[in-house]
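Before any comments, here is the structure.
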Amino acid sequence: MKLPIIKHFQKNNDVQKLEHTIEVLESFSEHRSVKEEEMDVVGELITNIAGAIEMDKMVKEGMSEKDAANTFAQRVLGSIDK
Numbered sequence: 014m015k016l017p018i019i020k021h022f023q024k025n026n027d028v029q030k031l032e033h034t035i036e037v038l039e040s041f042s043e044h045r046s047v048k049e050e051e052m053d054v055v056g057e058l059i060t061n062i063a064g065a066i067e068m069d070k071m072v073k074e075g076m077s078e079k080d081a082a083n084t085f086a087q088r089v090l091g092s093i094d095k
């Protein structure tokens with residue numbers, strides 16, 4: 014998870030485009046010839062794009078960009094600790 018990338022995705026893409034991108038990446042990852050290293054990259058991309066979608070939702074609900082990014086990061090880190 015990289016907050017600068019998440020912020021970039023959120024600022025420069027609409028949610029529908031991001032959702033379609035996740036669908037394509039998930040489809041790619043399901044192919045039998047995808048290697049472990051590629052899966053790692055795809056997983057990182059999906060995490061960053063999903064973060065951008067979540068961040069966009071929080072911003073549209075009135076949260077500042079900074080607070081939305083921090084809230085998402087804390088949620089991810091909190092789920093890792095469990």
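Residues 14 to 95 in the numbering used here are what the sequence shown spells out, letter by letter. Virtual Cβ for every residue (Gly too), placed ideally from N, Cα, C.
If you draw a straight line from the alpha carbon of residue i to that of residue j, how long is it in whole angstroms?
| i | j | result |
| --- | --- | --- |
| L31 | N25 | 10 Å |
| N61 | G91 | 16 Å |
| E50 | V37 | 18 Å |
Exposed or buried, which one is residue i when buried takes at least 16 other CB atoms within 10 Å?
| i | result |
| --- | --- |
| F22 | buried |
| F41 | exposed |
| M68 | buried |
| I66 | buried |
Could you check how far apart the C-beta atoms of residue i and residue j are, in whole angstroms? I think they sit under 8 Å.
| i | j | result |
| --- | --- | --- |
| A81 | V89 | That belief does not hold up - the Cβ atoms of A81 and V89 are roughly 13 Å apart, past 8 Å. |
Checking 9 Å against the spacing of the C-beta atoms, do residue i and residue j come in under that value?
| i | j | result |
| --- | --- | --- |
| A63 | I18 | no |
| K15 | E57 | yes |
| E39 | I59 | yes |
| K70 | V28 | yes |
First and last residue of the alpha helix (DSSP H) that includes residue i?
| i | result |
| --- | --- |
| K24 | L16 to N25 |
| G56 | E49 to K73 |
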